[in-house]
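Comments concern the structure below.
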Amino acid sequence: TRSRVVIASSLPSGVLPHHALASAVNHLLAGRLSSQLLAVGAALASQPRDMMDVMERLGVRRDEDQASLSRGTPGARVLTVDEHRLTVQPRKAFLPGEVVVVRNEARELIYGVVASVDGGDHEDDDTAASSSGDRSEAL
Numbered sequence: 031t032r033s034r035v036v037i038a039s040s041l042p043s044g045v046l047p048h049h050a051l052a053s054a055v056n057h058l059l060a061g062r063l064s065s066q067l068l069a070v071g072a073a074l075a076s077q078p079r080d081m082m083d084v085m086e087r088l089g090v091r092r093d094e095d096q097a098s099l100s101r102g103t104p105g106a107r108v109l110t111v112d113e114h115r116l117t118v119q120p121r122k123a124f125l126p127g128e129v130v131v132v133r134n135e136a137r138e139l140i141y142g143v144v145a146s147v148d149g150g151d152h153e154d155d156d157t158a159a160s161s162s163g164d165r166s167e168a169l
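All residue numbers for the sequence shown refer to the working numbering, where the first residue is 31 and numbers rise by one.
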C-alpha cells in the first residue's frame, strides 16, 4: 500500500488545487486516469452532485468497459464516444506529440501520435506513429 501524504503550502502559478488533486489521484492509481485527467480535474472542481454529469459530458461513463482505459493510447482502437466526434481537417497543421486518429493496415480507426511534421507546406506529409512504431498517414 502507499502511505505517503504530500502537503503543499502553495501551488505553482497556474496550477489549481483540483488539477493537483487529480494528478495525485492519478499517481496513486499508477497512471490509470492519465487519458482522462482533464475530466477528473473538471469533476473535482464541480459540486459533488454534479461530478458524474461532468465526467459523462467529457466522455467518461460509469459503464465504460476496460477499453476506456486505452482511450487516446497510440495503437488502440478508437472508442465509439470518440468516433462520433471525429472531424476531418485536411489543412490542419499538426504538432509533434499531438494525438490523432489514423487508419491502420486493416483500415480500422486507431489512436496515433504525431511523430514528426515535414517543415514544408505539405500537410499531406504529416505522419503519426502507433505504439508499435508503424507509421500511418493522418486522416
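Yeah, the Cβ is synthetic: ideal placement off N, Cα and C, and Gly gets one too.
Nothing here was measured: the structure is a model prediction, and the numbers come from that model.
My understanding is that residue i touches residue j, with C-beta atoms under 8 Å, so please give their C-beta distance in whole angstroms.
i    : j    : result
L116 : V131 : 6 Å
N56  : L74  : Contact flag wrong, Cβ pair sits at about 11 Å.
A60  : V90  : Incorrect: roughly 18 Å between the Cβ atoms, too far for contact.
A52  : G71  : 4 Å
V144 : F124 : 5 Å
Grab the span of the beta strand (DSSP E) containing residue i for me, first residue to last.
i    : result
R87  : Where R87 is concerned, there is no enclosing beta strand (DSSP E), although the alpha helix (DSSP H) it sits in stretches over M81 to R87.
L139 : L139 to S146
Identify the residues that DSSP records as bridge partners of residue i: which are they?
i    : result
R62  : Looking at the DSSP assignment, R62 forms no beta bridge with any residue, so it has no partner.
V131 : Y141
R107 : I140
Is the CB of residue i under 9 Å away from at least one CB in chain B?
i   : result
A75 : Looking for chain B here will not work: only one protein chain is present.
CA-CA distance, residue i and residue j?
i    : j    : result
P126 : R101 : 19 Å
S162 : A136 : In this prediction, S162 has a pLDDT of 45, which is less than 50 and means its spatial position is unreliable; nothing more can be read from the coordinates.
S146 : R79  : 43 Å
At least 3 beta-carbon pairs within less than 8 Å: the region 100-109 vs the region 139-150: yes
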